[in-house]
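Student:
Numbering (mature numbering (1 follows the signal peptide of the UniProt record, and there is no 0)), first residue to last: -24 to -1, 1 to 209.
#1: Between the segment 127 to 144 and the segment 188 to 199, are three or more C-beta pairs nearer than 8 Å?
#2: One question on the structure: do residue 28 and residue 101 come within less than 8 Å of each other, judged by their Cβ atoms?
#3: Three-state secondary structure (DSSP) at residue 75?
#4: Short of 8 Å in beta carbon distance, which residues of its chain neighbour residue 203, apart from the five on each side in sequence? Order them along the chain.
#5: Which of helix, strand or coil does DSSP assign to residue 103?
#6: When the Cα of residue 75 is compared with those of 152, 89, 84 and 68, which residue comes out closest?
#7: Restricting to Cα atoms, I'd like to know which of 113, 62 and 82 is closest to residue 46.
#8: I need the DSSP call for residue 179, collapsed to helix, strand or coil.
#9: Whose CA, out of 97, 115 and 109, lies closest to the CA of residue 90?
#10: I need the straight-line Cα distance from residue 138 to residue 153, nearest angstrom please.
#11: Residue 23: buried (16+ other C-beta within 10 angstroms of its C-beta) or exposed?
Shown next as structure tokens:
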């Protein structure tokens, strides 16, 4: 039995130590002041990319009849677009829907098919749209920054926002007579491209339309820096 006595004496001591509360944080940690800050910056990005959607739409008695008419219009438009090497053309959505009469009876069908056009050469796209409007409608047209332009301007706006954040942090610290260190940062950037909707219910009756006017303009790309600073002595 004597071999177990050290364990018997030690166990109450261990229980007392485990029951003791953890040491409190140091007075320096308890007095730490954390401040939430945010700063913004914006830079203009050139709208160097033009994007448009054109469509063929028709109504008729049978879906097969509509498909022939609409597909023929789209096929002709693709042939015309191929002569513009600087314009990227992509097939869009095609939708066929019934037209109901009284008594919930289908009396006709409507079909709509779209093409998406995109180019950095706004003059070429404008000219192409003028030609296509003899048979197709223009659903929308917008100018926006190309991905490369947006990325470059976003980086510049982020640098400006970080500088503004640091200046704001220094201003606060100087006013309080302290130093500071950055504890946390988060970055958010973006911008809304301006849309230029040009809705048309039908194509022009005959002949080529004049080139569609396009004004490029700029898009404001904004960056926001949010974070925390800790005041130091």
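Beta carbons are placed, not taken as given, at the ideal position from N, Cα and C, and that holds for glycine. Predicted, not measured: the structure shown is a model, and the values here were computed from it.
Tutor: Answer, in terms of the structure:
#1: Touching, yes, given that three or more Cβ pairs across the two stretches are closer than 8 Å.
#2: The answer is yes: Cβ separation under 8 Å.
#3: Residue 75 carries a strand assignment under DSSP once its states are collapsed to helix, strand and coil.
#4: 12, 13, 14, 141, 158, 159, 160, 161 and 162, listed in sequence order.
#5: Looking at residue 103 - three-state DSSP - the assignment turns out to be helix.
#6: Among 152, 89, 84 and 68, the Cα nearest to that of residue 75 is on 84.
#7: Ranking 113, 62 and 82 by CA distance to the CA of residue 46 puts 113 first.
#8: For residue 179, the predicted structure reports a pLDDT of 49, less than 50, and the residue's modelled location is therefore unreliable. The matter cannot be settled from this model.
#9: Ranked by how close their Cα comes to the Cα of residue 90, the residues 97, 115 and 109 have 115 in first place.
#10: About 22 Å.
#11: So residue 23 ends up on the buried side.
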